[in-house]
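Going by this note's numbering, the letters in the sequence shown line up with residues 476 to 757, in that order.
The structure appears right after this line, and notes come after that.
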Amino acid sequence: MSSFYETLEAIQQRPEPFSVYTADTLWTDPHIARKMLETHLNPETELASRKPEFIKRSLDFIGTRFSLDNTSRVLDLGCGPGLYTNQLAKRGAQVTGVDFSSSSLEYARAQAQNEGLSIRYRQANYLEMPAEPNQDLVLLIYGDYCPLSPAQRGKLLSLVRESLAEQGRFFFDVFTMAQLAGFQEQRSVDLLGPDNFWSASPCHLFSTVFLYEKERLFLSKHTVVEPQRIRSIYNWLQHFSLESITQELREHGFVLENAYGDVTGSPVTEDSLTLALVAKKA
């Protein structure tokens, strides 16, 4: 009985900020990765990708803002199933997509082949890969900056700096304090049937939301209890003010050139849930 109680205590325990990193599980676990791909491609939800109409508007903005043409070299980090890369290639850009999900890249490559697009896809963790030099534009879309710890963000920014051409730009989005204000701590327990998001088998799911107000941080922790194993997936989300992300960029050798309310180029307001940022090397 004490072992069971200790297990429950461990599930509910508040971890130190960024003390555990499991984000790669969402993309490398074969079952979850397949479910993630299904979620990416579902046009009715924004849990993994934004909806098609928004993506089209953001692509229109990116193409115009960065004057993309057939000489433009674009690196899309965390490209997933190619929702941006394939469309950018259709607009003539020379595109490299990077992701560590084999299932997402398999789909992206198949789509590119079907449409006769020449896109270079790399399966890699962009925190560990070597730079891709002379890129005119590096993209990191849908808040992929935010699950990273400060040390990981430093690694990422170093990679981006080494990959950018001298006049290149880094375009990415982060979640704001306005979005963090909408979260509350909560706990739930569910019994899930077979072939659920987290497991091919029936399982118990313990979901806990932790807020770290001082650190401007949110954690969604999901503990999956199956007959033969117990595992926890931690989804950290750092939130930023315009001042804090500007300072962080400056510390890593970047200058903030423009800020928008989202990746379609809308203006920043106090209610903006995201900030879309254009940075260049200092």
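Glycine included, every Cβ here is placed at the ideal spot set by N, Cα and C.
### Message
Determine whether the beta carbon atoms of residue 567 and residue 554 lie at a separation below 7 Å.
### Response
On the sequence shown, residue 567 is found 92 positions in, with the first residue counted as 1. On the sequence shown, residue 554 is found 79 positions in, with the first residue counted as 1. No. Outside cutoff.
Apart from the five residues just before and just after residue 476, which ones in its own chain have a Cβ nearer than 7 Å to its Cβ?
-> Reading the sequence shown from its first residue, position 1 is the one you call residue 476. Residue confidence for residue 476 is low, a pLDDT of 46 falling below 50, so the modelled location carries little weight and cannot support an answer.
| query | Hey, is the region 512-519 in contact with the region 719-738, meaning 3+ C-beta pairs nearer than 8 Å? | reply | Contact fails: fewer than three Cβ-Cβ distances are below 8 Å.
For the region 600-654, list the beta strand (DSSP E) runs that are entirely contained and at least 3 residues long, ordered along the chain. Runs of the beta strand (DSSP E) spanning 3 or more residues and lying entirely within the region 600-654 occur at 610-615 and 639-651, in chain order.
Helix, strand or coil at residue 696 according to DSSP, with G and I counted as helix: Reading the sequence shown from its first residue, position 221 is the one you call residue 696. Strand at residue 696.
message = Pairs of beta-carbons, one from the region 686-701 and one from the region 596-604, closer than 8 Å: are there three or more?
response = Two segments are said to touch when three or more pairs of C-beta atoms, one from each, lie closer than 8 Å; by this definition the region 686-701 does not touch the region 596-604.
Check: So, is residue 534 buried or exposed, given that buried needs 16 or more other C-beta atoms within 10 angstroms?
Finding: Here residue 534 refers to the residue found at position 59 of the sequence shown. Burial call: buried.
Q: Report the option in 659, 667, 701 and 676 whose CA atom is closest to the CA atom of residue 687.
A: One-based indexing of the sequence shown puts residue 687 at position 212. For residue 687, the nearest C-alpha among the options comes from 659.
Open item on the list: Going by DSSP, what residue range makes up the beta strand (DSSP E) through residue 552?
Closed with: Taking the first residue of the sequence shown as 1, we reach residue 552 at position 77. It spans 548-552 - the beta strand (DSSP E) in which residue 552 sits, taken as one unbroken run.
Backbone secondary structure at residue 727 - three-state DSSP:
The sequence position of residue 727 within the sequence shown is 252, counting from 1. Reduced to three states, the DSSP call for residue 727 is coil.
**Asked** What number of angstroms, rounded off, separates the C-alpha of residue 529 from the C-alpha of residue 745?
**Response** In the sequence shown, counting from the first residue as 1, residue 529 sits at position 54. In the sequence shown, counting from the first residue as 1, residue 745 sits at position 270. The alpha-carbon atoms of residue 529 and residue 745 are separated by roughly 21 Å.
For the candidate residues 757, 743 and 738, whose alpha-carbon lies nearest to that of residue 539? Working through the sequence shown from its first residue, we reach residue 539 at position 64. Of the listed residues, the one whose Cα sits closest to residue 539 is 738.
Going by C-alpha to C-alpha distance, which of 672, 546, 623 and 666 sits closest to residue 610? For this step, residue 610 is matched to residue 135 along the sequence shown. Nearest C-alpha to residue 610: 546.
query: Across which residues does DSSP place residue 572 in a beta bridge pair?
result: The sequence position of residue 572 within the sequence shown is 97, counting from 1. DSSP, once it has assigned bridges, lists 551 and 596 as partnering residue 572.
Check: Cα-Cα, which of 649, 582 and 685 is closest to residue 509?
Finding: Within the sequence shown, numbered from 1, the residue matching residue 509 stands at position 34. Comparing alpha-carbon positions, the option among 649, 582 and 685 lying closest to residue 509 turns out to be 582.
Closest to residue 615 by CA distance: which of 668, 591 and 751 is it? Locating residue 615 in the sequence shown gives position 140, counting from the first residue. Checked all of 668, 591 and 751; the closest Cα to residue 615 is 751.
key: DSSP three-state assignment for residue 712, whether helix, strand or coil   = Translated into the one-based positions of the sequence shown, residue 712 becomes position 237. Strand at residue 712.
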